[in-house]
């Protein structure tokens, strides 16, 4: 269990110091979860449990790094929610590809923020030619690219009218990061 955490930390520290520092700033406690299905990993963190990351173990380095970045993305998003709202009062519930149901716009934005950061982490691994299983990396990137595209199509539709000023800034910065790393946006006309 701890070897997963240590190996993932070493991978991030050696290859992506920006994501290593970014995750270790908010990551304080790791709670291992048993795997329910052999090919399914899961993780969680909580608005009122700052720094606590729950994740299945053992997992390959790449999947563990994904879970760290994903859950730490939630931690930063949640920290912001302690001081500001990201959507305007009355913002609509919208479809979430992640839950296959309607959810509040800010929850869909939360998913976009996390999966976009995971895609960016993958992209940095790819750009820096990090020694990982390339086929697995491509598979994980395609999976996250699809999720980011579908979530972005929803959030982009409401960004100008339903996000608060700070929500617009966060969304704009996230899109700018994706564009700077050649994310293939697929937005409806």
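Residue numbers (this note's numbering): 77 to 265.
Using N, Cα and C, we set each Cβ at its ideal position, and we do this for glycine too.
Small disclaimer: the values here were computed from a predicted structure and weren't measured.
According to the DSSP assignment, residue 131 belongs to the beta strand (DSSP E) that extends over 128-132. The DSSP assignment places complete beta strand (DSSP E) segments of no fewer than 3 residues inside the region 85-154 at 105-109 and 128-132, in order along the chain. When the Cα atoms are used, residue 181 and residue 168 turn out to be separated by approximately 6 Å. Between residue 184 and residue 242, the gap from beta carbon to beta carbon reaches 8 Å or more. With a 10 Å radius around the Cβ and a threshold of 16 neighbouring Cβ atoms, residue 228 comes out buried.
If you check the CB distance, residue 208 and residue 138 come in under 8 Å. By the neighbour-count criterion, in which a residue is buried when 16 or more other Cβ atoms sit within 10 angstroms of its Cβ, residue 112 is exposed.
Looking at 125, 99, 136 and 177, the one whose alpha-carbon comes closest to that of residue 115 is 136. Residue 204 is classed as exposed because its beta carbon has fewer than 16 other beta carbons within 10 Å across all chains shown. Residue environment for residue 147: buried (at least 16 other C-beta atoms within 10 angstroms of its C-beta).
Excluding sequence positions up to five before and after residue 150, its CB lies within less than 6 Å of the CB of 121 and 190, all in the same chain and listed in chain order. Beta-carbon to beta-carbon, residue 92 and residue 197 are separated by about 7 Å, close enough to satisfy the 8 Å threshold. Here DSSP, grouped into helix, strand and coil, assigns residue 179 to strand.
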